[in-house]
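Written below as structure tokens is the structure these notes are about.
Protein chains in written order, with our numbering: chain H, 1 to 187; chain D, 188 to 374.
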């Protein structure tokens, strides 16, 4: 995806730098090596009296489908702050983070989801600019056939199971790319 | 840090794109918006019979000081795979990941440490190219005054406490920049 060196503007080439074992984007002019690393998606399952808050997406990909608040972590914030911010931005809801719920790697798209549980401080919410609609769902009413991304569906599936058992272990997993690519979030 | 657009090679400017609220590197020629996000450092505390495996760094920063195996997660791998790989590369040791131990945000340098506990499959290890020396330490012998980075010291401090109590909750925390900048890992 990188074509030009962000340091000097010369075209980059792909090669394995000395002492490395992976192909990188390298600048032959200024010798800068450009590393590309996975991105963190911070998410939150906002909870209010046995219901969870979901957002219907107003933006591509998967516009019109449901997700919990989640988005790319920014520089200068902690993982918890990122989850709180995404919940504020997408659902205009205020949460207190109670636990890290899941760490889910998506190696095929270079993302790691860190999903937290968050207790809503009030049943107050409305759609932010990236949401068409925000709604509290009892667990029995989750719209399973209208969930935006497989990783969101898988997280919610585990969450409903854990709510039934009353046990909330940390979920550490890697999700593969066996699902249609149209179902995974893009960069 | 970014000077030229990696898509078209034109100089970038810093500005807040429409609909955004943060300053980004933006290309006025091709209109590409360049996002920069925190990086994941995957680490492992390798365990063998009440001892842990530490590496003495052969590379800057903090050459000559001790750390557990840790490094930047690569594209195409899971968080656990990254921790296993770093342990293999830096200490030539093979571990089975047993748990995620800590999620530590370092907002001042845009890093998130994901530290795992790993059971060594054998007491077999030797320095990789980035290590001067690799050694098993009983917890009472950890070289506290020669630890490479504050985040490593803080993780080990919590680990020793947890070993004493026999309880291993997930550690979720944000570490600030109140420590000397020479003590934090660079990109």
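No residue lacks a Cβ here, since even glycine has one placed at the ideal position from N, Cα and C.
**Study point:** Opposing strand residues paired with residue 58(H) [DSSP bridges]
**Key:** For the purposes of this step, residue 58(H) is taken as residue 58 along the first chain, with counting starting at 1. Looking at the DSSP assignment, residue 58(H) forms no beta bridge with any residue, so it has no partner.
Review point. If you draw a straight line from the alpha carbon of residue 88(H) to that of residue 143(H), how long is it in whole angstroms?
Key: By one-based count along the first chain, residue 88(H) stands at place 88. By one-based count along the first chain, residue 143(H) stands at place 143. So the two alpha carbons sit approximately 22 Å from each other.
Review point. When you compare only the Cα positions, how much space is there between residue 300(D) and residue 290(D)?
Key: As a first step, residue 300(D) is located in the second chain; it is residue number 113 there, counting from the start. As a first step, residue 290(D) is located in the second chain; it is residue number 103 there, counting from the start. Rounded to the nearest angstrom, the two C-alpha atoms are 6 Å apart.
**Study point:** Complete runs of the alpha helix (DSSP H) confined to the stretch 48 to 126 of chain H [at least 4 residues]
**Key:** 79 to 91
Review point. In chain order, what residues of the same chain have a beta carbon less than 7 Å from the beta carbon of residue 27(H), not counting five sequence neighbours either side?
Key: Numbered from 1 along the first chain, position 27 holds the residue referred to as residue 27(H). Here the set comprises 5, 7, 8, 10, 12.
Review point. Residue range of the alpha helix (DSSP H) that residue 345(D) falls in?
Key: Working through the second chain from its first residue, we reach residue 345(D) at position 158. Start and end: 337 to 352.
Check your understanding: So what's residue 327(D) in DSSP terms, helix, strand or just coil?
Key -> One-based indexing of the second chain puts residue 327(D) at position 140. In this structure, residue 327(D) counts as helix in the three-state DSSP scheme.
**Study point:** residue 44(H) vs residue 69(H) beta-carbon contact at 8 Å
**Key:** Counted from its first residue, the first chain places residue 44(H) at position 44. Counted from its first residue, the first chain places residue 69(H) at position 69. In contact: residue 44(H) and residue 69(H) (Cβ atoms closer than 8 Å).
Point to revise | Extent of the continuous beta strand (DSSP E) run through residue 25(H) | key: To locate residue 25(H), count along the first chain from 1; it is residue 25. Residue 25(H) -> beta strand (DSSP E) spans 24 to 27.
Practice item. Would you tell me roughly how many angstroms separate the C-alpha atoms of residue 35(H) and residue 3(H), rounded to the nearest one? Key: Locating residue 35(H) in the first chain gives position 35, counting from the first residue. Locating residue 3(H) in the first chain gives position 3, counting from the first residue. About 13 Å.
Review point. Taking the Cβ atom as the reference point for each residue, do residue 73(H) and residue 93(H) lie within a distance shorter than 8 Å?
Key: Within the first chain, the letter at position 73 stands for residue 73(H). Within the first chain, the letter at position 93 stands for residue 93(H). Against a cut-off of 8 Å, the Cβ pair of residue 93(H) and residue 73(H) comes out as no contact.
Exercise for review: Note down, in chain order, all residues in the stretch 68 to 89 of chain H with a beta-carbon under 8 Å from any beta-carbon belonging to chain D.
Suggested key: 72, 73, 74, 75, 76, 77, 78, 79, 80, 81
Review point. Near residue 182(H), which residues of its chain fall below 7 Å by C-beta distance, leaving aside the five closest residues on each side in sequence?
Key: Here residue 182(H) refers to the residue found at position 182 when the first chain is read from its first residue. With a pLDDT of 40 at residue 182(H), under the threshold of 50, the modelled position of that residue is not reliable, and no figure is offered here.
Review point. Roughly how many angstroms lie between the CA atoms of residue 360(D) and residue 332(D), to the nearest whole one?
Key: For the purposes of this step, residue 360(D) is taken as the residue at position 173 of the second chain. For the purposes of this step, residue 332(D) is taken as the residue at position 145 of the second chain. The alpha-carbon atoms of residue 360(D) and residue 332(D) are separated by roughly 23 Å.
**Study point:** Inter-residue spacing [alpha-carbon to alpha-carbon] between residue 162(H) and residue 168(H)
**Key:** As a working note, residue 162(H) is residue 162 in the first chain. As a working note, residue 168(H) is residue 168 in the first chain. The straight-line gap from Cα to Cα measures roughly 6 Å.
Practice item. Please name the residue or residues paired with residue 226(D) in a DSSP beta bridge. Key: Here residue 226(D) is taken as the residue at index 39 of the second chain, counted from 1. The partner list for residue 226(D) (beta bridge, DSSP) reads 298(D).
Check your understanding: CA-CA distance, residue 64(H) and residue 155(H)?
Key -> Walking along the first chain from the start, residue 64(H) turns up at place 64. Walking along the first chain from the start, residue 155(H) turns up at place 155. Taking the straight line joining both Cα atoms gives about 19 Å.
Check your understanding: So which residues on chain D does residue 2(H) lean against when the C-beta distance must stay under 9 Å?
Key -> Translated into positions along the first chain, residue 2(H) becomes position 2. Within 9 Å Cβ-Cβ: 193, 194.
Check your understanding: Quick one: what's got a C-beta closer than 6 Å to residue 46(H)'s C-beta in the same chain, skipping five residues either side?
Key -> Within the first chain, the letter at position 46 stands for residue 46(H). Closer than 6 Å at Cβ, skipping near neighbours: 53, 87, 93, 95, 118, 120.
Check your understanding: Rounded to a whole number of angstroms, what is the C-alpha to C-alpha distance between residue 204(D) and residue 212(D)?
Key -> The residue given as residue 204(D) occupies position 17 in the second chain. The residue given as residue 212(D) occupies position 25 in the second chain. Between residue 204(D) and residue 212(D), the C-alpha separation is close to 9 Å.
Review point. Among the residues of its own chain, which have a CB less than 6 Å from the CB of residue 267(D), if the five just before and after it don't count?
Key: The residue labelled residue 267(D) in the question sits at position 80 within the second chain. So the qualifying residues of the chain are 284.
Practice item. Would you please state the rounded distance, in angstroms, between the beta carbons of residue 55(H) and residue 83(H)? I believe it to be under 8 Å. Key: Against the first chain, residue 55(H) aligns to sequence position 55. Against the first chain, residue 83(H) aligns to sequence position 83. That belief does not hold up - the Cβ atoms of residue 55(H) and residue 83(H) are roughly 14 Å apart, past 8 Å.
Exercise for review: Mind checking which residues open and close the beta strand (DSSP E) that includes residue 202(D)?
Suggested key: Along the second chain, one-based indexing puts residue 202(D) at 15. Taken as a continuous stretch (DSSP letters only), the beta strand (DSSP E) holding residue 202(D) covers 199 to 202.
Check your understanding: What separation, rounded to the nearest whole angstrom, lies between the Cα atoms of residue 286(D) and residue 100(H)?
Key -> Counting from 1 along the second chain, the entry for residue 286(D) is found at position 99. Counting from 1 along the first chain, the entry for residue 100(H) is found at position 100. Looking at the two C-alpha atoms, the distance is approximately 14 Å.
Exercise for review: State the Cα-Cα distance for the pair residue 228(D) and residue 309(D), rounded to the nearest angstrom.
Suggested key: What you label residue 228(D) is simply residue 41 of the second chain in a count that begins at 1. What you label residue 309(D) is simply residue 122 of the second chain in a count that begins at 1. Roughly 25 Å between the two C-alpha positions.
Check your understanding: Alpha carbon to alpha carbon, what distance is there between residue 141(H) and residue 49(H)?
Key -> Counting from 1 along the first chain, the entry for residue 49(H) is found at position 49. Counting from 1 along the first chain, the entry for residue 141(H) is found at position 141. Roughly 14 Å between the two C-alpha positions.
Check your understanding: By the criterion of Cβ-Cβ separation under 8 Å, what are the contact partners of residue 103(H) in chain D?
Key -> Position 103 of the first chain, counting from 1, holds the residue named residue 103(H). 266, 287, 290, 301, listed in chain order.
**Study point:** residue 107(H) beta carbon less than 8 Å from that of residue 264(D)
**Key:** Here residue 264(D) is taken as the residue at index 77 of the second chain, counted from 1. Here residue 107(H) is taken as the residue at index 107 of the first chain, counted from 1. Taking 8 Å as the Cβ cut-off, residue 264(D) and residue 107(H) qualify as a contacting pair.
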